[in-house]
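Novice: What follows is a single structure, and I will ask about it in a moment.
2 protein chains.
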Amino acid sequence: MKVLVLGGDGYCGWPTSLHLSDAGHEVVIVDNCVRRQIDHELATQSLTPITDMKQRVKAWQEVSGQTIAVEFGDLLDWEFISDVVRRHQPDAIVHFAEQRAAPYSMIDRRHAVYTQHNNVVGNLNVLFAIQEFVPECHLVKLGTMGEYGQPNIDIEEGYIEIEHNGRKDVLPYPKQPGSWYHLSKVHDSHNIAFACRIWGMRATDLNQGVVYGTVTPQTERDPRLINRFDYEEVFGTVLNRFCIQAAIGHPLTVYGKGGQIRGFLDIRDTVRCIELAVENPAEFGEFRVFNQFTEEFSVNQLAEMVVEAAGKLGFEARIDNIPNPRVEKEEHYYNAKRTKLLDLGLQPHYLGDSLLDSLLNIALEYRDRIDPDVVMPSVDWREGRAKQRVHKAPAQPSASL
Amino acid sequence: MKVLVLGGDGYCGWPTSLHLSDAGHEVVIVDNCVRRQIDHELATQSLTPITDMKQRVKAWQEVSGQTIAVEFGDLLDWEFISDVVRRHQPDAIVHFAEQRAAPYSMIDRRHAVYTQHNNVVGNLNVLFAIQEFVPECHLVKLGTMGEYGQPNIDIEEGYIEIEHNGRKDVLPYPKQPGSWYHLSKVHDSHNIAFACRIWGMRATDLNQGVVYGTVTPQTERDPRLINRFDYEEVFGTVLNRFCIQAAIGHPLTVYGKGGQIRGFLDIRDTVRCIELAVENPAEFGEFRVFNQFTEEFSVNQLAEMVVEAAGKLGFEARIDNIPNPRVEKEEHYYNAKRTKLLDLGLQPHYLGDSLLDSLLNIALEYRDRIDPDVVMPSVDWREGRAKQRVHKAPAQPSASL
Chain A
205 MKVLVLGGDG YCGWPTSLHL SDAGHEVVIV DNCVRRQIDH ELATQSLTPI TDMKQRVKAW
265 QEVSGQTIAV EFGDLLDWEF ISDVVRRHQP DAIVHFAEQR AAPYSMIDRR HAVYTQHNNV
325 VGNLNVLFAI QEFVPECHLV KLGTMGEYGQ PNIDIEEGYI EIEHNGRKDV LPYPKQPGSW
385 YHLSKVHDSH NIAFACRIWG MRATDLNQGV VYGTVTPQTE RDPRLINRFD YEEVFGTVLN
445 RFCIQAAIGH PLTVYGKGGQ IRGFLDIRDT VRCIELAVEN PAEFGEFRVF NQFTEEFSVN
505 QLAEMVVEAA GKLGFEARID NIPNPRVEKE EHYYNAKRTK LLDLGLQPHY LGDSLLDSLL
565 NIALEYRDRI DPDVVMPSVD WREGRAKQRV HKAPAQPSAS L
Chain B
205 MKVLVLGGDG YCGWPTSLHL SDAGHEVVIV DNCVRRQIDH ELATQSLTPI TDMKQRVKAW
265 QEVSGQTIAV EFGDLLDWEF ISDVVRRHQP DAIVHFAEQR AAPYSMIDRR HAVYTQHNNV
325 VGNLNVLFAI QEFVPECHLV KLGTMGEYGQ PNIDIEEGYI EIEHNGRKDV LPYPKQPGSW
385 YHLSKVHDSH NIAFACRIWG MRATDLNQGV VYGTVTPQTE RDPRLINRFD YEEVFGTVLN
445 RFCIQAAIGH PLTVYGKGGQ IRGFLDIRDT VRCIELAVEN PAEFGEFRVF NQFTEEFSVN
505 QLAEMVVEAA GKLGFEARID NIPNPRVEKE EHYYNAKRTK LLDLGLQPHY LGDSLLDSLL
565 NIALEYRDRI DPDVVMPSVD WREGRAKQRV HKAPAQPSAS L
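Chains as they are written, first to last, in this note's numbering: chain A, 205 to 605; chain B, 205 to 605.
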């Protein structure tokens with residue numbers, strides 16, 4: 205199949221592009237590299253030394269013989285995205301191309317507006333491009349488990365049957381997102397559901413959990429194919445962050461009580477889930493929702509697992525419960541369904557010692573690139589800064605520790 | 205109380221501004237008059253000859269002795285709205301200032317994007333301005349009953365208790381909005397609920413039904429205070445449209461089977477509901493939702509009532525079921541709760557002969573201003589035009605009929 209991967213230069217998008225190419229699909233990456241630009245804004249960088257897009261696809265062609273085309277541009281630019289969709293006539297569009305960090309959206313008003321405008325309008329443009337030029341194309345859209353929040357009932361996959369005053373209906377699962385970013389994904393989900401209803405479009409919304417890891421079988425094949433690894437407080441996901449903290453002797457920063465439970469998955473499962481969705485498309489008119497994660501952990505559990513794994517590698521890590529910069533329940537019920545991707549054939553990589561070892565070893569390998577100034581939270585949910593954030597002077601990545 | 209009325213020049217905003225001023229509140233209108241600009245775009249005009257903002261507030265001062273200040277500007281302009289909120293330090297902000305027509309949002313991609321960008325980002329700016337400059341201010345936000353769609357269970361006021369797999373929670377009522385416009389209101393609701401949760405903001409979301417009528421006790425006091433009356437297919441609400449059609453001898457255009465049921469209210473109740481919300485604010489941290497309508501009717505019922513009222517006035521009206529340009533259920537269950545505003549003291553004006561007579565008489569009075577070319581639907585929900593709409597040559601309002 206011909207697949208456009210929007211955001212194919214990113215943390216999930218790049219390994220997905222390689223995985224789909226390896227699986228025999230014709231892949232076109234669409235990206236504006238804004239994630240690399242944000243590294244400059246935040247004065248940080250990927251732990252792993254990633255190469256630029258040109259080198260990436262060149263290296264992939266050398267090691268695999270497969271070509272991945274690149275279209276550079278912005279989904280907000282209708283002229284650009286409509287032209288790309290019209291020219292390539294994709295069978296599927298995988299849409300990762302959104303601002304994806306909750307803390308980034310919470311920096312101040314400007315970042316909140318940027319996130320919602322960028323994500324919502326970019327996605328609207330994708331919907332209209334599909335409708336206009338490739339109405340049979342299947343949209344595979346990345347959402348997040350964070351759209352659901354932490355309700356006191358089981359979380360279903362997108363829809364819930366409600367019995368109320370003696371009548372029944374199956375309705376969209378109520379959403380309680382926890383950041384301007386998570387809200388943007390809820391807005392997207394509603395917009396896509398509507399497009400499916402009025403136009404007969406077909407779409408799969410993948411409510412993804414927190415991704416950890418960085419390596420896939422494809423990214424390992426050449427150093428130029430290495431995937432990005434974010435460890436700082438804005439874009440770094442919790443397990444990746446803990447491994448870095450352990451590697452540099454920084455206490456693992458558990459926010460609040462640490463009883464927050466979330467769904468997690470290995471990045472090797474992310475790429476496989478996308479493949480499963482692409483190869484088993486939704487029906488015309490169907491807005492299909494999958495919960496894309498493989499295990500549930502509390503933040504405390506993860507911290508303890510990292511401490512133990514670090515101990516086996518011979519260095520000591522400790523846990524520090526710091527004030528929670530987020531507004532969220534720190535002890536709560538959590539039980540989310542995750543059967544639909546398993547039914548399609550997903551065979552999960554569960555979190556275990558070997559993955560933790562691998563993460564810690566990556567952290568140790570690149571410890572010279574770690575800037576310890578960017579691991580502590582600086583964005584506070586309660587502040588609601590409307591004014592422009594005063595950035596600290598860009599920190600130089602420490603040359604040695 | 206000092207009240208900012210955002211969108212105070214519009215169909216609901218203007219009579220609300222007068223009503224609040226009459227009730228002794230200090231009113232400041234904030235508007236960019238974009239609704240008047242859209243009349244030029246669509247080559248149409250208010251049935252009633254409305255005066256400009258300057259004349260309006262001057263006339264109000266002459267007849268009432270009350271001053272209404274006007275701030276001209278756009279909510280998308282952060283410098284503007286933050287400055288207005290900071291200078292005026294309002295106790296309440298009533299927010300009508302959004303693109304409010306479902307058909308307008310469905311014209312093409314550009315209008316869909318305009319609607320969601322304008323409404324969502326404008327509202328975000330209002331939230332951040334409140335948080336930054338007047339954190340105790342109560343936000344009264346206009347939503348729509350159309351956010352709920354047509355579920356097969358009773359519609360509650362914003363929240364629903366769900367029992368699921370032996371556990372219970374009270375969650376946001378699931379939304380199934382039916383246009384890009386209605387979706388923008390759903391996005392706003394989620395954003396405001398979040399602001400209340402993280403910042404302790406207080407807000408009331410008024411999910412308003414379809415408004416009919418144009419006259420309030422204040423707008424009657426001087427011809428310069430007259431309210432706008434939209435009768436065309438894009439901004440005209442169904443009952444207002446039917447009355448115009450009857451007045452010019454055009455068949456009443458029922459979309460599809462006409463079994464679509466909606467909540468309706470008289471504009472004299474709109475202004476009173478706003479007053480009740482303003483004078484009985486939500487608690488800090490509370491996101492309060494009221495369903496703001498007084499009666500339910502099917503489109504067929506309304507058409508029949510207009511035919512009957514027209515007959516009593518001595519002219520014959522007939523009904524024409526035309527293909528439905530919208531994608532919606534034409535026969536469905538509908539039972540929506542509406543007790544919270546009644547509990548606060550709302551005394552509804554129910555739809556009766558006198559109101560229909562008044563509407564028909566307004567239609568007859570201004571029939572020379574009616575353009576019969578703009579009453580038939582031209583915007584189709586199924587088309588999903590991504591390309592720019594080709595406008596028909598602007599029609600001249602007919603000088604006589």
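We treat Cβ as the ideally placed atom computed from N, Cα and C, and that holds for glycine. Model, not experiment: these values are computed from the prediction.
With 16 as the cutoff for other CB atoms within 10 Å, does Pro219/B come out buried or exposed?
Specialist: Classification of Pro219/B: buried, given that the 10 Å Cβ count is 16 or more.
Novice: Taking the Cβ atom as the reference point for each residue, do Val493/A and Asp409/A lie within a distance shorter than 7 angstroms?
Specialist: Their beta carbons are under 7 angstroms apart, which means Val493/A touches Asp409/A by this criterion.
Novice: Residues of chain A with CB closer than 7 angstroms to the CB of Val317/B, please, in chain order.
Specialist: Here the neighbours are Val325 and Leu328.
Novice: Within 10 angstroms of the Cβ of Phe276/A, are there 16 or more other Cβ atoms? Answer buried if so, exposed if not.
Specialist: Classification for Phe276/A: exposed.
Novice: Is the shortest distance between the beta-carbon of His368/A and the beta-carbons of chain B less than 7 angstroms?
Specialist: So, interface residue.
Novice: Which value, in whole angstroms, describes the spacing of the CA atoms of His394/B and Leu387/A?
Specialist: Going from the Cα of His394/B to the Cα of Leu387/A covers about 7 angstroms.
Novice: How would you write the range of the beta strand (DSSP E) that Arg406/A sits in, first residue to last?
Specialist: Arg406/A -> beta strand (DSSP E) spans Arg406 to Gln412.
Novice: Buried or exposed, going by whether 16 or more other CB atoms sit within 10 Å of the CB of Ile285/A?
Specialist: So Ile285/A counts as buried.
Novice: Expressed to the nearest angstrom, what Euclidean distance is found between the alpha-carbon atoms of Glu483/B and Arg466/A?
Specialist: Using only the alpha carbons, I get a separation of about 41 angstroms.
Novice: Closest to His229/B by CA distance: which of Leu208/B, Asp278/B, Leu555/B and Leu346/B is it?
Specialist: For the residues Leu208/B, Asp278/B, Leu555/B and Leu346/B, the minimum Cα distance to His229/B belongs to Leu208/B.
Novice: Please list the residues of the region 345-370 of chain A that have a C-beta atom closer than 7 angstroms to any C-beta atom in chain B, keeping them in chain order.
Specialist: The region 345-370 of chain A vs chain B, Cβ under 7 angstroms: Pro355, Asn356, Ile357, Asp358, Ile364, Ile366, His368 and Asn369.
Novice: Starting from the C-beta of Gln249/A, find all residues in its chain whose C-beta is less than 6 angstroms away, skip the five residues before and the five after it, and write them out in chain order.
Specialist: For Gln249/A, where only same-chain residues beyond five positions count, the Cβ hits under 6 angstroms are Asp243.
Novice: Thinking just about the alpha-carbon of each residue, which of Cys400/A, Asn369/A, Gly404/A and Met349/A is nearest to the one in Tyr377/A?
Specialist: Nearest of Cys400/A, Asn369/A, Gly404/A and Met349/A to Tyr377/A, Cα basis: Met349/A.
Novice: For the alpha helix (DSSP H) containing Arg260/B, list its first residue and its last residue.
Specialist: Arg260/B -> alpha helix (DSSP H) spans Met257 to Ser268.
Novice: Using the C-alpha atoms, what's the distance from Asn327/B back to Asp287/B?
Specialist: Taking the straight line joining both Cα atoms gives about 15 angstroms.
Novice: Inspect the beta-carbon positions of Ile526/A and Thr457/A and report whether they are closer than 7 angstroms.
Specialist: In this structure, Thr457/A lies closer than 7 angstroms to Ile526/A by Cβ.
Novice: Could you tell me which chain A residues have their CB closer than 8 angstroms to the CB of Ile402/B, listed as they occur along the chain?
Specialist: Simply Val531, Trp585, Arg586 and Gly588.
Novice: Would you list, in chain order, the members of the region 261-293 of chain A that have their beta-carbon closer than 8 angstroms to a beta-carbon of chain B?
Specialist: Within the region 261-293 of chain A, the qualifying residues are Trp282 and Ser286.
Novice: Looking at the structure shown, is Arg586/A part of a helix, part of a strand, or coil, going by DSSP?
Specialist: In the structure shown, Arg586/A sits in coil (DSSP, three-state: anything other than H, G, I, E or B).
Novice: Give me whichever residues DSSP pairs with Phe501/B in a beta bridge.
Specialist: Paired residues: Arg466/B.
Novice: What residues match up with Pro376/A in a beta bridge as DSSP calls it?
Specialist: In the DSSP output, where bridge partners are listed per residue, Pro376/A has Tyr363/A.
Novice: Using a Cβ-Cβ cut-off of 7 angstroms, state whether Val390/B counts as contacting chain A.
Specialist: Yes, contact with chain A.
Novice: So the alpha helix (DSSP H) Ile526/A belongs to, where does it begin and stop?
Specialist: From DSSP, Ile526/A is part of no alpha helix (DSSP H) but of the beta strand (DSSP E) over Ile523 to Ile526.
Novice: Between Leu343/B and Ile396/B, how many whole angstroms is the CB-CB distance? I'm expecting something under 8 angstroms.
Specialist: Between Ile396/B and Leu343/B the Cβ distance is about 7 angstroms, and since that is below 8 angstroms, they are a contact.
Novice: With a threshold of 7 angstroms between beta-carbons, can Asn395/A be considered close to chain B, or not?
Specialist: Yes, because at least one Cβ of chain B sits closer than 7 angstroms to the Cβ of Asn395/A.
Novice: Just to confirm, are Val232/A and Val317/B a CB contact at a threshold of 7 angstroms?
Specialist: For Val232/A and Val317/B, no; Cβs fall outside 7 angstroms.
Novice: Under the rule that 16 or more other beta-carbon atoms within 10 Å means buried, what is Leu546/B, buried or exposed?
Specialist: Leu546/B comes out exposed.
Novice: Alpha carbon to alpha carbon, what distance is there between Cys341/A and Glu520/B?
Specialist: Cα to Cα, Glu520/B sits roughly 50 angstroms from Cys341/A.
Novice: What does the alpha-carbon distance come out to for the pair Ile357/A and Glu302/B?
Specialist: The alpha-carbon atoms of Ile357/A and Glu302/B are separated by roughly 35 angstroms.
Novice: Does Leu375/A have its Cβ less than 7 angstroms from a Cβ in chain B?
Specialist: Closer than 7 angstroms to some Cβ of chain B, the Cβ of Leu375/A qualifies, so yes.
Novice: Can you pull the chain A residues whose beta carbon is under 9 angstroms from the beta carbon of Gln464/B, in chain order?
Specialist: Chain A residues near Gln464/B: none, gap ~16 angstroms exceeds 9 angstroms.
Novice: Which one or two residues does DSSP pair with Leu208/B in a beta bridge?
Specialist: Beta-bridge pairing links Leu208/B to Val232/B and Ile297/B.
Novice: Does any residue of chain A have a CB that is nearer than 7 angstroms to the CB of Arg425/B?
Specialist: Output row for Arg425/B: interface = no.
Novice: Is there a C-beta anywhere in chain B that falls below 7 angstroms from the one on Arg542/A?
Specialist: False, the Cβ-Cβ gap to chain B never drops below 7 angstroms.
Novice: Using a Cβ-Cβ cut-off of 6 angstroms (strictly less than) and excluding sequence neighbours within five positions of Ser502/B, which residues of its own chain qualify?
Specialist: For Ser502/B, where only same-chain residues beyond five positions count, the Cβ hits under 6 angstroms are Gly463 and Ile465.
Novice: Taking the Cβ atom as the reference point for each residue, do Thr319/A and Tyr385/A lie within a distance shorter than 7 angstroms?
Specialist: Yes, the Cβ-Cβ distance between Thr319/A and Tyr385/A is below 7 angstroms.
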